[in-house]
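Q: Residue numbers (the UniProt record's numbering), protein chains in the order written: chain A, 1 to 446; chain B, 1 to 446; chain C, 1 to 446; chain D, 1 to 446.
Once you've had a glance at the structure underneath, I'll fire off some questions.
Spelled out as structure tokens, the structure:
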């Protein structure tokens, strides 16, 4: 059976991921993502109303016109998890394909919300939920399987396309976490089994490939966070925390530790409400019944007023704004635009790392300066990444021993350290290690 | 009562700490340390045989000739913990003073070993053990107290000299750790009490004052280490670990996690044997009965031979060499100078951070290159510092609210960020915030 | 005669410089500057309409209320050169003092323009021009002298206040440049003479004190710039250059090299027109008669249209925007908001260094990304600083051998490396080396 | 005609360069270099006595066993310039080939010296000098040409193999310098001509491909150096300079500026004598008749004694040791192992950049610390690189417009930014942009 891989987007950058695998006459698409930074660099762009082609020209969504070169029918569109760089282009591109969108339940719900907010296109593909561990038949001899993985958002999977020529493992966006706080550990046993059965190709996310060692478990970040918050137990002023809104495990830890130190947690900001609300509705997390979640500015401000009148020392607001985004809640607080008044000695906990890009760094720096001007004390970098580091990559190679390897999810600078690791394992560029770019085809079996 | 502080050493660098506090006619000396880097930069220097004055000229030990300007008698020499930069000059300087050396039991035992290995001077001062929480009378109205603190070596204390004018708190070398793996948490309650009673002066270690947030607890490093070693559970080749030999809590964690993943731990290298042996003898740690500790090269090599013949997969050697020191055990292993043979895929765990100085960085890089040439995989930076970061300093100021503040244990570059924190708290240079240098006197009460 | 120094502003940051020296009953004020970053961090602030006290509260201008503690009359306000961090608060503060503003001709003209654009206060102090090398009597035995120095703006001086107790040298903002392209070399002979006569106090700008070596001469930057532009001689597309608008020597070099490679230079942007126009009017520089300078958007756009129609290959626009400022000309070009169309391979020359602060770095990165998206090639960092590096400071100390030394123009982090250099020269903190902060008084002679 | 390229060494690292080009039945080899760092990491290795295979196993010299897969006869071995990473393996490998060594005169002389000091192998290949601009016939329709380029050593060339299928340009190790101080400017006109005639393949050195802008001309470094030395004109103590021994243009500038400031230059250290002596003998440089050059320790020490007795203020020793190499002259001076006594305020000029690798950085740091302990003042980084930066690469692509592009002289991390530039120019990986590794074959024409 012919096996061909189209590396459509995310092979020259982080963001706008899209990969198609053709097995015989059938094609499965993995991810349709958005590169938000390509949008934000322009003033006043509203993606909801933009046409796909304009977004393609901006480099914001994958250029899927190369799909016409793939001789086969798309049987499934498979987003691997709910981050925008993996699902953010579905509302712009999916309607061109007569195929269902197949995803894990949490991911699927986020896809649904994306589609609902789209104003330009009507996306009417079937939405089909599939759990980690389940499989779906694509065609004679070709089967799609979801393997449970651990990432910085819940319900992430690595899809595996089983073909008569071996498995194609789409490995984007995970860390090897044996104790992920929410959900099951990564299913390394299944990866080893698949490795034993024979892997034709492994497509891997290189984000942290240049970092030494392995990414710690979420439970390490949780222990770190607990340590930080416990140390504030005796403080009787304001404490505010921020983290990635989609990082439900972290939000859960914050909620629990707030309670441990005698403070009532409350989630504030539109994304906070969206992701945590969705996770709770789908029973991925069991928050206290009285946990407040507010997204609209009015209800947020009302909550702040209540906190100010009842006493800051009894609350732990968990807010958006961990990257210093100009319009996020924490930045508004830093500018004094909310009823919450920061005072000398108040603590602000960033359970997040600054995404290392000068624009972010500039915005985060501004936010911290503004917070500092109000006397706030900063606790930052209480976090672990959701992406494998070098030794995690090495361990995945030990488990899968693939015949072919395709680095993804990075620029060439980002691929380079992954190539080092792959070469140390025995792969060779031009042989079984494929350096590719957006829009390329790699024919693995002719 | 006149109170005067002589900032003798360690106020222009890290290393060779020494501070004297005069209360009326009585003087207490805190620390007598060595700056090892000033020795190592020269070839072929053996400190054991050198005279104090030569070591002073080299900048290796404190220039205590300023002590003659202090009008009073030394009543006690008080090393705060067992690191060389705090005890390493005792064997060269203590004999000049007719006063006992007062220290916590573990520290005192290390001081004793220093004195025993000294070849130039005979040090015959009394050695007096005092536990954290205990006090000792210095003179009428002047009392010495040990407050329990948490650092990267066990049994560390912060000495407090209570005087009629208020307490002088010598705050060098600690982090605020509420769960330190070995020993009691830092005694913040006592610090707060002392703060309430009135603190005349606080002398503070600025090592990490420029780092944001707070230093995590040793229990966070322990959780991280457990995570790393657990992830290697299925590996059936060699695993080697290294850490600071004096860091008994970390060694204990390594020993326990070795057992958890089905490997027999064994401590190798002279310092490993020295510190862990001492800690076990003094009952600070309860190692398994059959834990091997070997310092002499012959017994180390015999152990390696045994490991090679019985199977690397059954052992976890815990060795010296975390900074890539040229003659340490791990570097010898990297050079193939021991019977232990590293193979492709073997794991080397650095439970330590590189001390950020180009000489160290160069040596560590060399060691890692040599390890890499043999196929070893590196897991590094599994560590937390023993020194307060910015918010820990802020918390200490909140607890003590001292009348005067003296930054220590750093160069001027290192003082600078501490000054920022102190100023944010309300201190003013030239008023109650004293920037000082080696050899200065600060008269606090006239 | 009593000599006292009030370190009013710029002793905790770069920006809002202000220092007062009292000699007997007479006071001379050096600089009244603005810290622009304290303004820009807030949205929608227009300094022209703001009251001094609000600007003081923001940390934007010096808090000169400490002046009431100085027992003497202000006899002169002396800005040292035309940068905003030295003259930007004159329009807000000078009217409180009954004293002339004394400055070199170019600086004075810029002060005049500041005063003219002020909307809140009427500043009616006398404006008195004084050239480098000239002196002015302040009172019996007290004389003000201007010594010629070299900086990144023309006509900079270091004022020296000669008193019966020795000279007070206010050394802010210079490099030692023996070949400054415009104007005379720094007058080191005069500094050495003053050193021989006796210097009571030297106040020094620490901006680059942490950088090794010495700052190269402007002629080195000029040689570098010539090399870069010459290498583009054969390119037949667009070339655009940007630099600090106030850096007349650099603008002059750009204008000349444009001609050398057969292109017509044209200055575009409000600041470009302002500074270069002023310099030309005052005969500091002799530009070609037909050199266009346009500040208003309409005339700029008309010029761009002309360039596009006549051929980009015949022009070298020299524009504002070297730091990626969002509203500067180059950023507008990068966003495609001007008639000038960048094409693949076009060259953009940044004859400037990014000011190393995350906000700037973020903006500059954005500007470069936008330029890159249009195909532009970036030549950056063709520049030398206007501030002394470590060995320049050492050389000044060798020339002046002052009795007292006051580091200025930096945060504590910035002072730290200067202290190292001063200590290597023999100064001692607490003796003759004075670490001070905003709002302090230092009494040198009682 | 079949054209095939064997990328033998230097495609995974900097060092041990070797590339073979087959045109029909004839092969030309470009470079046979040494990777010195692979030797130095081991203790006590003497390459002169080692066998090729051992050096290949160490990764120190190219693994030329792949040459047996090339079906053709080697007609010439062509080292491009005299640096060890390009000629250092000739004495170990050239004797295996029945072909002349063809090089420019200065390079050839250095090759001869290498061969003479070899103790293991007898290398008896013909040595044939060829000047830039000259050609040599390889076979029917195949011709070798030397194009003059500018690098950090004199007499560097880029060899071009003209074939019926187009030119193969071997572009290693150059910058585009229009004013190189010694020798002719880079021959860009000839490159453009070759580009017009048709370039089948361009092999390019990626060393600085990640650095923005273009590498300045040697004349910029010369101007910078002049500025630094002129600033010391009035200093009446010791001044010492160091630079790359093989960098004759820089040595020449140092010699001239020494004279300008009234000091007698003298070259000290084995490599200083070797390279400058050779350059003078071959008439590449015209040093003053009385310029002393001493390599042997005895004569060096005698010179130092003379300097000390006659007065340091009259001399400028130009010595080896710019990277802090432990046994080089400057390091010996820093350790006080020579008769030259450094004093407080003496100046040490590093006309070199630290090679950015932790081992070097550690050694250089040690050397500077030792110099500082003796009071020396450091002027470093007065240098320009010999390698193209990003825009130089872009300009070469504009000149040559090759059909195929092969990045070389770097690790994958080093290739990555070059790929960015090449892609911006229109090249595509897997099409005309060939990412290759040591030991690969690339068949360009079948």
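The beta-carbon is built from N, C-alpha and C at its ideal position, and this holds for glycine as well.
Mind the definition here: the stretch 11-31 of chain B touches the stretch 87-101 of chain B only if three or more C-beta pairs lie below 8 Å; say whether that holds.
A: Yes: at least three Cβ pairs fall under 8 Å.
Q: Less than 8 Å between CB atoms is the rule here; does residue 340 of chain D satisfy it with respect to chain C?
A: Taking Cβ atoms only, chain C never reaches closer than 8 Å to residue 340 of chain D, which makes this a no.
Q: Going by CA-CA distance only, name the one from B:380, B:281 and B:165 that's closest to residue 3 of chain B.
A: The shortest Cα separation from residue 3 of chain B among B:380, B:281 and B:165 belongs to B:165.
Q: Please classify residue 286 of chain B as buried or exposed, where buried requires at least 16 neighbouring CB atoms within 10 angstroms.
A: Flag for residue 286 of chain B reads exposed.
Q: Please report how far the alpha carbon of residue 420 of chain A lies from the alpha carbon of residue 427 of chain A, in whole angstroms.
A: Each residue's Cα considered, the two are about 9 Å apart.
Q: If the cut is a Cβ gap below 7 Å, which residues of chain E does residue 362 of chain B touch?
A: This model lacks chain E altogether; the protein chains it does include are A, B, C and D.
Q: Could you check if residue 64 of chain D is buried or exposed, using at least 16 other CB atoms within 10 Å of its CB as the buried criterion?
A: The residue is buried, with at least 16 neighbouring Cβ atoms inside 10 Å.
Q: Per DSSP, residue 9 of chain B forms a beta bridge with which residues?
A: Paired residues: B:18.
Q: Quick one: give me the first and last residue of the alpha helix (DSSP H) that residue 360 of chain C is part of.
A: Residues 358-373.
Q: Starting from residue 111 of chain A and walking both ways along the alpha helix (DSSP H), at which residues does that stretch end?
A: Per DSSP, residue 111 of chain A belongs to the alpha helix (DSSP H) from 105-117.
Q: Per DSSP, which one or two residues make a beta bridge with residue 170 of chain C?
A: The partner list for residue 170 of chain C (beta bridge, DSSP) reads C:203.
Q: Secondary structure at residue 150 of chain B, three-state DSSP: helix, strand or coil?
A: Residue 150 of chain B: strand per DSSP, three-state reduction.
Q: Give the residues of chain A in contact with residue 220 of chain B, contact being defined as C-beta atoms less than 8 Å apart.
A: Simply 220, 223, 224 and 227.
Q: Which same chain residues, not among the five before or five after residue 252 of chain C, have their C-beta less than 8 Å away from its C-beta?
A: Cβ within range, chain order: 181, 182, 285 and 287.
Q: Using 8 Å as the cut-off, can you tell me whether the stretch 198-209 of chain B makes contact with the stretch 401-415 of chain B, which would need three or more C-beta pairs spanning the two stretches below that distance?
A: Judged by Cβ distances under 8 Å, the stretch 198-209 of chain B makes contact with the stretch 401-415 of chain B, as three or more pairs qualify.
Q: Which bits of chain C does residue 394 of chain D rub up against, with CB to CB less than 9 Å?
A: The answer, in chain order, is 345 and 377.
Q: Where does residue 135 of chain A land, buried or exposed, given buried means 16+ other C-beta within 10 angstroms?
A: Burial call: exposed.
Q: Tell me whether residue 421 of chain A sits in a helix, a strand or coil according to DSSP, three-state version.
A: In this structure, residue 421 of chain A counts as helix in the three-state DSSP scheme.
Q: So which residues of chain B does residue 230 of chain A contact, with C-beta pairs closer than 8 Å?
A: Simply 178.
Q: By the DSSP assignment, the beta strand (DSSP E) with residue 123 of chain B in it spans what residues?
A: That residue, residue 123 of chain B, is in no beta strand (DSSP E); it is neither H nor E in DSSP.
Q: Less than 8 Å between CB atoms is the rule here; does residue 92 of chain A satisfy it with respect to chain B?
A: Output row for residue 92 of chain A: interface = no.
Q: Are the CB atoms of residue 272 of chain A and residue 231 of chain A nearer to each other than 8 Å?
A: Cβ distance not < 8 Å, so residue 272 of chain A and residue 231 of chain A don't count as in contact.
Q: Just mark residue 309 of chain D as buried or exposed, buried being the case when its beta carbon has 16 or more other beta carbons within 10 Å.
A: With fewer than 16 other Cβ atoms within 10 Å, it is exposed.
Q: From the DSSP secondary-structure annotation, give me the bridge partner or partners of residue 139 of chain A.
A: DSSP, once it has assigned bridges, lists A:142 as partnering residue 139 of chain A.
Q: Could one say the Cβ of residue 253 of chain D lies closer than 8 Å to chain C's Cβ atoms, at least one of them?
A: Output row for residue 253 of chain D: interface = no.
Q: Closer than 8 Å, CB to CB, is residue 58 of chain C near chain B or not?
A: Taking Cβ atoms only, chain B never reaches closer than 8 Å to residue 58 of chain C, which makes this a no.
Q: CB-CB under 6 Å to residue 321 of chain A, same chain, minus the five flanking residues each way: which ones, in chain order?
A: These residues qualify, in order along the chain: 242, 328, 329, 330 and 331.
Q: Does the Cβ of residue 40 of chain D have 16 or more other Cβ atoms within 10 Å, making it buried, or fewer, making it exposed?
A: The residue is exposed, with fewer than 16 neighbouring Cβ atoms inside 10 Å.
Q: In the structure shown, what three-state DSSP assignment does residue 433 of chain A receive?
A: Note: residue 433 of chain A maps to strand in three-state DSSP.
Q: Flag residue 236 of chain D as yes if its beta-carbon sits less than 8 Å from any beta-carbon of chain C, otherwise no.
A: No, because no Cβ of chain C sits closer than 8 Å to the Cβ of residue 236 of chain D.
Q: Distance check for residue 192 of chain C and residue 375 of chain D, CA to CA, integer angstroms please.
A: Each residue's Cα considered, the two are about 22 Å apart.
Q: Mind listing, in chain order, the continuous alpha helix (DSSP H) runs of no fewer than 4 residues lying wholly within the stretch 33-103 of chain C?
A: List check, alpha helix (DSSP H) in window: 36-40, 52-57, 84-87 and 90-93.
Q: Determine the chain A residues that contact residue 41 of chain C at a beta-carbon separation under 7 Å, and present them in chain order.
A: Residues of chain A passing the Cβ test: 366, 369 and 370.
Q: If I follow the unbroken alpha helix (DSSP H) through residue 188 of chain B, where does it start and stop?
A: Counting along the chain, the alpha helix (DSSP H) containing residue 188 of chain B begins and ends at 188-197.
Q: In its own chain, which residues sit with a C-beta less than 8 Å from the C-beta of residue 70 of chain C, not counting the 5 before and 5 after it?
A: Hits under 8 Å: 4, 6, 20, 22, 27 and 441.
Q: For residue 425 of chain A versus residue 394 of chain A, is the C-beta distance shorter than 8 Å?
A: Contact flag set, yes.
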